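Participant:
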Amino acid sequence: MRSLNTFFYTYCIFCLGLSRLAEQVLRRYYRTPSAVKFLALLFLSSLPLTFIAAIVVIAIAGIWYSGYQLSEIQTEIKLTFLLAFRINLFLHCINSIVYFFKQLREKQLEAEELKRAQIQAQLQQIKTQINPHFLFNNLNVLASLIMNKSEEANQFIESFSEVYRYILKNQEQELVSLKDELKVMDLYIFLLKKRFAEAIKFNISFDEHHLENTFIVPATLQILIENAIKHNIASSSKPLSIDIVINSNTLMVRNNHQPKQTLEKSSQIGLKSINQQYKIICGKEITVKNQDDYFEITLPVLKVENYEVFNH
Numbered sequence: 007m008r009s010l011n012t013f014f015y016t017y018c019i020f021c022l023g024l025s026r027l028a029e030q031v032l033r034r035y036y037r038t039p040s041a042v043k044f045l046a047l048l049f050l051s052s053l054p055l056t057f058i059a060a061i062v063v064i065a066i067a068g069i070w071y072s073g074y075q076l077s078e079i080q081t082e083i084k085l086t087f088l089l090a091f092r093i094n095l096f097l098h099c100i101n102s103i104v105y106f107f108k109q110l111r112e113k114q115l116e117a118e119e120l121k122r123a124q125i126q127a128q129l130q131q132i133k134t135q136i137n138p139h140f141l142f143n144n145l146n147v148l149a150s151l152i153m154n155k156s157e158e159a160n161q162f163i164e165s166f167s168e169v170y171r172y173i174l175k176n177q178e179q180e181l182v183s184l185k186d187e188l189k190v191m192d193l194y195i196f197l198l199k200k201r202f203a204e205a206i207k208f209n210i211s212f213d214e215h216h217l218e219n220t221f222i223v224p225a226t227l228q229i230l231i232e233n234a235i236k237h238n239i240a241s242s243s244k245p246l247s248i249d250i251v252i253n254s255n256t257l258m259v260r261n262n263h264q265p266k267q268t269l270e271k272s273s274q275i276g277l278k279s280i281n282q283q284y285k286i287i288c289g290k291e292i293t294v295k296n297q298d299d300y301f302e303i304t305l306p307v308l309k310v311e312n313y314e315v316f317n318h
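Going by our numbering, the sequence shown opens with residue 7, and the numbers climb by one from there.
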């Protein structure tokens, strides 16, 4: 019966192929939300195919190839059918494990995609809230400049239009170049200085080589600066000082802590949304330090070689 054993191994491979074929057919023509029903139907549909395969193996290996009579291999036939059932059950167990693993992975990916969409929508909502305030505040400053100094008004209009164009252009992007963001920040700081004069001070520190292929979530700096202005006193007698420090791995934004006297507690939606966005994109979180004399936020900076591939 050595030849029968040889064909038996071929038969096992054949059974596995039939099981996979049955799965593909069921996936295409039978839709059910129940995984248990699908796997039960898969087992029942592959069982007859397995028995047919067993009959083919017996016919070829036992009767035609080895020359046995049917009456001589009745015990082997019974054992083969029993073994066929066991093999089918074993393969079905493996198939079920693979199936549930795939389902679990698909659910995880769907959940991550949903979470990503929710965070992006939330961050987009914050950006939309910032833009009208940004527009309104700067139009007020512009009106004042037009009435007093027309030359400064022209410079203000140019900077304002450049910043607003940049915001609108990049608000749908997942990442923006840190180098571009800092260029726009110079214009943005110019606008803020016209609005607050000596009531606000900026200090930006970085090395040029740290900006190569370096990206951050769009509007992050704007949100953090607006957050500092919103929650702290900024006056000529008590100026608000904002430091931005960039190194190879992080971007730190710090301001002196002089909170406004308000009964309204900050919801920190902006910080939470930025944090979630970074967790989704790079698996890292922002760091927040809230001390008596300063408030500091540290963001991870992302090194991306191919920006176009990432955003698409």
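In this text, a Cβ means the ideal position worked out from N, Cα and C, and glycines have one as well.
The structure presented is a predicted model; accordingly, all values stated were derived computationally and were not measured.
Mind checking if T304 is an interface residue toward chain C, Cβ cutoff 8 Å exclusive?
Facilitator: Looking for chain C here will not work: only one protein chain is present.
Participant: How close, in whole Å, do the beta carbons of P265 and C288 come, if the pair is a contact with beta carbons under 8 Å?
Facilitator: As a working mapping, residue 265 is identified with position 259 in the sequence shown. As a working mapping, residue 288 is identified with position 282 in the sequence shown. Going by Cβ atoms, the distance from P265 to C288 rounds to 31 Å, so no, they are not a contact pair.
Participant: Answer yes if the stretch 277-293 comes into contact with the stretch 236-253, meaning at least three C-beta pairs across the two stretches below 8 Å, and no otherwise.
Facilitator: With the cut-off at 8 Å, the stretch 236-253 and the stretch 277-293 do not touch.
Participant: Near I292, which residues of its chain fall below 8 Å by C-beta distance, leaving aside the five closest residues on each side in sequence?
Facilitator: Looking up residue 292 in the sequence shown gives position 286. Excluding positions up to five away in sequence, the list reads L277, I280, N281, Y284, I303, T304, L305, P306.
Participant: Examine the Cβ distances between the stretch 189-197 and the stretch 150-160 and report whether three or more of them are shorter than 8 Å.
Facilitator: Touching, no, given that fewer than three Cβ pairs across the two stretches are closer than 8 Å.
Participant: So, at 7 Å on beta carbons, what are the nonlocal neighbours of T226 in its own chain, with the 5 sequence-adjacent residues on each side left out?
Facilitator: On the sequence shown, position 220 is the one that residue 226 refers to. Within the same chain, T226 has close Cβ partners I280, L305.
Participant: For the beta strand (DSSP E) containing F221, list its first residue and its last residue.
Facilitator: Walking along the sequence shown from the start, residue 221 turns up at place 215. Note, F221: beta strand (DSSP E), 220-222.
Participant: Apart from the five residues on each side of it in sequence, which residues of its chain come closer than 7 Å, Cβ to Cβ, to L269?
Facilitator: Taking the first residue of the sequence shown as position 1, residue 269 is located at position 263. Any reading at L269 must be qualified, since the residue scores a pLDDT of 47, below 50, and its modelled position is unreliable; the value itself is stated next. Correct list: empty, nothing qualifies.
Participant: Would you decide whether K200 is buried or exposed? Buried here means 16 or more other CB atoms lie within 10 Å of its CB.
Facilitator: Taking the first residue of the sequence shown as position 1, residue 200 is located at position 194. Buried.
Participant: Note the first and the last residue of the continuous alpha helix (DSSP H) segment covering D249.
Facilitator: Taking the sequence shown and counting its residues from 1, the one referred to as residue 249 is at position 243. Where D249 is concerned, there is no enclosing alpha helix (DSSP H), although the beta strand (DSSP E) it sits in stretches over 246-252.
Participant: Check for me: the beta strand (DSSP E) holding E302 runs from which residue to which?
Facilitator: Here residue 302 is taken as the residue at index 296 of the sequence shown, counted from 1. Where E302 is concerned, the enclosing beta strand (DSSP E) stretches over 300-306.
Participant: Buried or exposed: M7, going by 16 or more other Cβ atoms within 10 Å of its Cβ?
Facilitator: Here residue 7 refers to the residue found at position 1 when the sequence shown is read from its first residue. Unreliable placement is indicated for M7, whose pLDDT of 47 sits below 50; the coordinate value is still reported in the next sentence. Its Cβ having fewer than 16 others within 10 Å, M7 is exposed.
Participant: In three-state terms, what does DSSP make of I319?
Facilitator: Summary: the structure shown does not reach residue 319, with the chain confined to residues 7 through 318, and so no result is reported for it.
Participant: Does the Cβ of Q4 have 16 or more other Cβ atoms within 10 Å, making it buried, or fewer, making it exposed?
Facilitator: Because the chain spans 7 through 318 in this model, residue 4 falls outside it and cannot be assessed.
Participant: Should V147 be listed as close to the ligand SAH, given that the test is whether its C-beta is under 7 Å from any heavy atom?
Facilitator: Ligands are entirely absent from the displayed structure, and the ligand SAH is therefore not among its contents.
Participant: Tell me which residues share the same chain as I222 and place their Cβ nearer than 8 Å to its Cβ, disregarding the 5 neighbours each side in the sequence.
Facilitator: Translated into the one-based positions of the sequence shown, residue 222 becomes position 216. Around I222: L181, V182, L184, E187, L257, L305, V307, L308.
Participant: If you draw a straight line from the C-alpha of I235 to the C-alpha of Q109, how long is it?
Facilitator: Looking up residue 235 in the sequence shown gives position 229. Looking up residue 109 in the sequence shown gives position 103. Each residue's Cα considered, the two are about 47 Å apart.
Participant: Would you kindly check if the distance between the Cβ of V251 and the Cβ of L230 is under 8 Å?
Facilitator: Sequence index remark: in the sequence shown, residue 230 carries index 224 (1-based). Sequence index remark: in the sequence shown, residue 251 carries index 245 (1-based). Going by C-beta atoms, L230 is not nearer than 8 Å to V251.
Participant: Quick one: give me the first and last residue of the beta strand (DSSP E) that N296 is part of.
Facilitator: Start at 1 with the first residue of the sequence shown, and residue 296 comes out as number 290. Segment 293-296, the beta strand (DSSP E) holding N296.
Participant: Quick one: give me the first and last residue of the beta strand (DSSP E) that N281 is part of.
Facilitator: Working through the sequence shown from its first residue, we reach residue 281 at position 275. Segment 275-288 is the alpha helix (DSSP H) holding N281; no beta strand (DSSP E) there.
Participant: Excluding five sequence neighbours on each side, which residues of the same chain lie with their C-beta closer than 7 Å to the C-beta of K290?
Facilitator: Numbered from 1 along the sequence shown, position 284 holds the residue referred to as residue 290. Taken in chain order, the residues that qualify are Y284, P306.
Participant: With E168 and L193 assumed to form a contact (beta carbons below 8 Å), what rounded beta-carbon distance in angstroms separates them?
Facilitator: For the purposes of this step, residue 168 is identified with residue 162 of the sequence shown, where counting begins at 1. For the purposes of this step, residue 193 is identified with residue 187 of the sequence shown, where counting begins at 1. Confirmed, about 5 Å.
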